[in-house]
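J.: Before we start, here is the structure in question, set down as structure tokens.
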Amino acid sequence: GKVRAPTHIISTISDDRGEEPCYAGVPMSSIVEQGYGVGDVISLLWFKRSLPRYCTHFIEICIMLCADHGPCVSGAHNTIVTARAGKDLVSSLVSGLLTIGPRFGGAIDDAARYFKDAYDRSLTPYEFVEGMKKQGIRVPGIGHRIKRGDNRDKRVELLQRFARTHFPSVKYMEYAVQVETYTLSKANNLVLNVDGAIGSLFLDLLAGSGMFTKQEIDEIVEIGYLNGLFVLARSIGLIGHTFDQKRLKQPLYRHPWEDVLYTK
Ligand code: ACO
Ligand code: LMR
């Protein structure tokens, strides 16, 4: 009989061996002819299934809303400095991407993990937030450098509005809003930020779409797929900032002495 040589790689999301490449079994021609969007492609390549239109639309909204947030944030700043040092597109892009993490843009997975755990254990917002404080952990998805209780993040509002209209259930989001109500009673800067909004709403998408088993949801949350949304989205803006600096022929950046506190 035939002996199958052991392979060095296992892959389950795409296949380029046939007449045309397939994403999760869907051929390129169907993707184009059936008018799939980038949300559908993400569904196929990340989640290995076609999700309903309201889910893929939500994914696309996340990507559009997180594509950029001006030149002053960590990622754009790094990209701008790198582009001005004469580096190429990829170097400028990754320099910005490398700032994405627990404080900036990369709190989505942890927000989903902590909100899910707290909701599933029926913790009150008080018990959840104070429990985190006791452990010395900042609540992921809460807090912002410039947004305040009286100057909320429009992106959060837009995501919430979309989900309230289209999702079958927004129980995790409502829980995050209750947590925000409690944290805002402590300090005005402790708003639900865009990472927290996406983290909690993606839990609602996963749980409410009927497309994932409980084990699959746990695995997605545990592996941490959701920061990928911010990484993907912000790449669009970081690439734009690179082109902008090159177009403007900006010179090497040097930070002004006056803006440094030299001290012993
Ligand atoms: N949970 C609990 N307490 C918090 C939180 C939080 N998430 N964020 C800030 N605080 C507290 C701080 O402990 C601090 O109190 P203290 O001085 O008594 O220790 C007070 O609020 C002020 O905090 P600052 O450090 O001044 O807040 P800063 O503006 O530097 O931080 C940041 C902003 C980094 C976003 C912070 O709120 C945070 O770490 N949040 C959690 C991570 C997160 O969600 N990041 C994503 C932000 S959105 C985005 O990047 C796209
Ligand atoms: C962002 O999307 O980059 C921001 O929320 C971070 C910021 O400080 O504005």
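Under my numbering, the sequence shown has 181 at position 180, and the numbering climbs by one with no breaks. For glycine and all other residues, C-beta sits at the position ideal for the given N, C-alpha and C. Just so we're clear, the structure is a prediction, and the values are computed from it rather than from any experiment.
(1) In chain order, what residues of the same chain have a beta carbon less than 6 Å from the beta carbon of residue 156, not counting five sequence neighbours either side?
(2) To the nearest angstrom, how far is the alpha carbon of residue 57 from that of residue 44?
(3) Do you know how far the Cα of residue 227 is from the Cα of residue 243?
(4) Check whether the Cβ of residue 178 sits closer than 6 Å to any heavy atom of the ligand ACO, and report yes or no.
(5) Hey, would you say residue 94 sits closer than 7 Å to residue 239, going by beta carbons?
(6) Is residue 4 near the ligand ACO, judged by its Cβ being under 6 Å from some heavy atom?
(7) With DSSP as the reference, label residue 209 as helix, strand or coil.
(8) What would DSSP say about residue 43, mapped onto helix, strand or coil?
(9) Measuring only the C-alpha atoms, how far is residue 263 from residue 90?
(10) Which whole-angstrom value is the C-beta distance of residue 51 and residue 41, which I expect to be below 8 Å?
(11) Rounded to whole angstroms, what's the CA-CA distance from residue 107 to residue 101? Just pull it up for me.
(12) Would the region 196 to 214 and the region 72 to 92 be scored as touching if the rule is three or more Cβ pairs under 8 Å?
(13) Spell out the partners DSSP gives residue 237 in its beta bridges.
(14) Please work out which residues of its chain come closer than 7 Å, Cβ to Cβ, to residue 129, disregarding the five sequence neighbours upstream and downstream, and give them in chain order.
(15) Look at the Cβ atom of residue 173, then the Cβ atom of residue 116, and state whether they are nearer than 7 Å.
(16) Roughly how many angstroms separate the alpha carbons of residue 257 and residue 144, rounded to a whole number?
(17) Starting from residue 163, follow the alpha helix (DSSP H) in both directions and report where the run begins and ends.
T.: Let me lay it out:
(1) Within the sequence shown, the letter at position 155 stands for residue 156. Counting only Cβ-Cβ distances below 6 Å, and skipping sequence neighbours, we find 66 and 195.
(2) Taking the sequence shown and counting its residues from 1, one reaches residue 57 at position 56. Taking the sequence shown and counting its residues from 1, one reaches residue 44 at position 43. Answer to the nearest angstrom: the Cα atoms are 7 Å apart.
(3) Counting from 1 along the sequence shown, the entry for residue 243 is found at position 242. Counting from 1 along the sequence shown, the entry for residue 227 is found at position 226. C-alpha separation (whole angstroms): 25 Å.
(4) Taking the first residue of the sequence shown as position 1, residue 178 is located at position 177. It does not: the Cβ of residue 178 is nowhere closer than 6 Å to a heavy atom of the ligand ACO.
(5) Residue mapping note: residue 94 aligns to position 93 of the sequence shown, counting from 1. Residue mapping note: residue 239 aligns to position 238 of the sequence shown, counting from 1. Contact: yes.
(6) Along the sequence shown, read from residue 1 onward, the residue named residue 4 stands at position 3. Answer for residue 4: no, Cβ out of range of the ligand ACO.
(7) Locating residue 209 in the sequence shown gives position 208, counting from the first residue. Per DSSP, reduced to three states, the secondary structure at residue 209 is helical.
(8) As a working mapping, residue 43 is identified with position 42 in the sequence shown. Here DSSP, grouped into helix, strand and coil, assigns residue 43 to helix.
(9) Translated into positions along the sequence shown, residue 263 becomes position 262. Translated into positions along the sequence shown, residue 90 becomes position 89. Counting only the Cα atoms, residue 90 lies some 33 Å from residue 263.
(10) In the sequence shown, the residue the question calls residue 51 occupies position 50. In the sequence shown, the residue the question calls residue 41 occupies position 40. Yes, they are in contact, since the Cβ atoms of residue 51 and residue 41 sit about 7 Å apart, within 8 Å.
(11) Within the sequence shown, numbered from 1, the residue matching residue 107 stands at position 106. Within the sequence shown, numbered from 1, the residue matching residue 101 stands at position 100. Approximately 5 Å, taken between the alpha carbons.
(12) Touching, no, given that fewer than three Cβ pairs across the two stretches are closer than 8 Å.
(13) Locating residue 237 in the sequence shown gives position 236, counting from the first residue. The partner list for residue 237 (beta bridge, DSSP) is empty, contrary to what the question assumes.
(14) Translated into the one-based positions of the sequence shown, residue 129 becomes position 128. Here the set comprises 119 and 180.
(15) Counted from its first residue, the sequence shown places residue 173 at position 172. Counted from its first residue, the sequence shown places residue 116 at position 115. Yes.
(16) Here residue 257 corresponds to residue number 256 of the sequence shown, with the count starting at 1. Here residue 144 corresponds to residue number 143 of the sequence shown, with the count starting at 1. Distance from the CA atom of residue 257 to the CA atom of residue 144, rounded to whole angstroms, is 29 Å.
(17) Your numbering for residue 163 matches position 162 in the sequence shown. Counting along the chain, the alpha helix (DSSP H) containing residue 163 begins and ends at 155 to 167.
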